[in-house]
Amino acid sequence: MKKLYIKQKVFSIGEKFTITDENQQPRYSVEGSFFKIPKEFKILDENHHEIGVITKKIFSLLPKFFVEVDGEEMITITKEFTFFKPKYSIDSQGISVEGNWWDMDFDVRAHGKKIADINKKWFTWGDTYEVTILDESMEQVIISLVIAIDCVKADESAASSASSS
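With our numbering, letter number 138 in the sequence shown gets 150, and the count goes up by one each step, no holes.
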């Protein structure tokens, strides 16, 4: 079992943040494309090798995000049409999310078996998520999925604040 911590920097213009281990050692970094279209986030390991890419589809009626891990598209997150609370579906190869992923309190499962537990840590500066990885062979998929969910949440928050202005 391994614990990782995703702490987004508050007011980070370049949309960069680091994923650390329990000893505050950097294990992954996430870099967002500031001016690139389509919007893209790259996940790099501690040796700066790309392990995942999250891309938002730009020409789509409803928002859609693609998640690649090691160059293979593995997960698609799509907003569903609803009149009230935003709803998203996660389409993947045997990966499912159970719990309240909107509040970052959920489990990740592979073919029904729990492989990770994600919990938002309260009373921290910025958003911090604790990721407990139960199946370390799925670590890159788990990290990529959690970052993608966070991207979806940020996109939804930006869209709702733009529409209320």
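Glycine is no exception: its CB is placed at the ideal position from the N, C-alpha and C atoms.
Spatially closest choice to N35 from Y17, E110, K76 and I66, by CA coordinates: Y17
List the DSSP bridge partners of L74. In DSSP, L74 forms no bridge with anything.
When DSSP labels each residue in this structure, what does F23 get in the three-state scheme? Annotation note: pLDDT 43 at F23 (below 50); position unreliable, no value reported.
Return the CA-CA distance between Q105 and G124, expressed in angstroms with no decimal places. 12 Å
When E52, E58 and E27 are compared against I70, the one with the closest alpha-carbon: The candidate whose alpha carbon is nearest that of I70 is E52.
Just to confirm the assignment, what range does the beta strand (DSSP E) spanning E34 have? Unbroken run through E34: none, as it is neither H nor E.
Status (buried if at least 16 other CB within 10 Å, exposed otherwise) for G83: exposed
Considering F178, what are the terminal residues of the beta strand (DSSP E) in which it resides? It is not possible to answer for residue 178, since the shown part of the chain is limited to 13 through 177.
Reduced DSSP category for M150 - H, G, I as helix; E, B as strand; rest coil: helix
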